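The structure appears right after this line, and notes come after that.
Numbering (the working numbering), first residue to last: 8 to 371.
Next comes the structure, spelled out in structure tokens:
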């Protein structure tokens, strides 16, 4: 901002109105995101946002490490306050990049959106600081990657391999399997990096992956927390149905992009179906499709879980005590220490919601 002489001067040089606001003119050609209100609120505001905060391993493992339930409740709330500042850290540099690099985003090469921050660092930092900036950028990437690889080998080794494939093995064996899972996870992440190159931005690829897995998982969590009749088979089948629905939605939305005369031979039998779906599955951007895909995955998982649960055996009610809303534990509740009013999670939640609404109104 000092380079432009302040915020007002930077705004004066900002001549691309399509990037100046996310909420206005939803669904019109002037909105570069190409998303309507329903897709944004349901797909991003509800499914993907709650799916990330409530089911992402890197987030919930902090809460699982808390000393008690009250601390676990406060964990995401405390993290939410600095999270509110993230738009300033990400959006303002992005706006500056659009002004300084007018051709940004015109192709998927050196001037793609993914290169906004490296290009800014290269143009604004002196030689000494350039190395420090790149090291900091790589360190943040490695931190996130380390957390995701840890989550991958933990879930695979303990929740799948130890529970269903190789039970009652030695700790040394599970440690070895954890090492193998780490190597496999890193190789998969390298492969996914090549897949990202086919997308306009990294975020569009990430939200697509979230729509495949986090969206239906959030529906499973939601029903498991608030509906005691939900059965294990219902949750499992619903989760698979939601994931397959999201994957199917993706391939159909890609198929409708192909002109009828260029349809591959194996898609010819479905030509009429693709033609009928084209008006409903044609999205302005990949991100717009991701938001609707997440909504579809959540709804399918939610409905299928309920239907299957109604015809399968649920968990005994005594096993759900303290885990499902409204199912009280038979054990006497532990005495809760008196806490300051500002540490009450309900009050903090209300404060966070109010602050979020206020910021959206201020920057409308």
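Positions of the beta carbon are idealized from the N, C-alpha and C atoms, including for glycine.
The structure presented is a predicted model; accordingly, all values stated were derived computationally and were not measured.
Only residues of its own chain outside the window of five on either side were considered, and among them 307, 308, 311 have a CB closer than 7 angstroms to the CB of residue 248, listed in chain order.
The three-state reading of DSSP puts residue 285 in helix, counting H, G and I together. Residue range 239–262 is occupied by the alpha helix (DSSP H) that includes residue 253. Taking every protein chain shown into account, the CB of residue 10 has fewer than 16 other CB atoms within 10 angstroms, so this residue is exposed. Distance check between residue 99 and each of 329, 297, 189, 123 places 123 closest, using alpha-carbon atoms only. Fewer than three pairs of CB atoms, one per stretch, sit closer than 8 angstroms, so the stretch 275–293 makes no contact with the stretch 197–204. With three or more CB-CB distances shorter than 8 angstroms, the stretch 210–223 counts as touching the stretch 53–68. By the criterion of at least three beta-carbon pairs nearer than 8 angstroms, the stretch 153–172 is in contact with the stretch 185–193. With a contact defined as Cβ atoms closer than 8 angstroms, residue 70 and residue 62 miss out at about 12 angstroms.
A contact is defined here as three or more CB-CB pairs under 8 angstroms, and the stretch 161–181 fails this definition with respect to the stretch 132–152. The beta carbon of residue 303 is closer than 7 angstroms to those of 252, 253, 256 in its chain, skipping five residues each way along the sequence. Residue ranges of uninterrupted alpha helix (DSSP H) with 4 or more members, entirely inside the stretch 88–155 and ordered along the chain, are 123–131. Inclusion of residue 202 and residue 227 in the CB contact set at 8 angstroms is not warranted, their separation being larger than that value. For the pair residue 222 and residue 73, the Cα-to-Cα distance works out to about 25 angstroms. Look at residue 276 here: in three-state DSSP terms it is helix. By the C-beta criterion, the stretch 314–323 is judged to be in contact with the stretch 227–244, since at least 3 inter-stretch pairs fall below 8 angstroms. Taking the Cα positions, residue 276 is about 50 angstroms away from residue 326. Taken through DSSP and simplified to helix, strand or coil, residue 20 comes out as coil. Looking at the backbone, the Cα of residue 80 and that of residue 149 are separated by about 28 angstroms. In the three-state reduction of the DSSP assignment, residue 179 falls in the helix class, which pools H, G and I.
Selection 169, 146, 18, 181 evaluated against residue 105 yields 18 as nearest (Cα-Cα).
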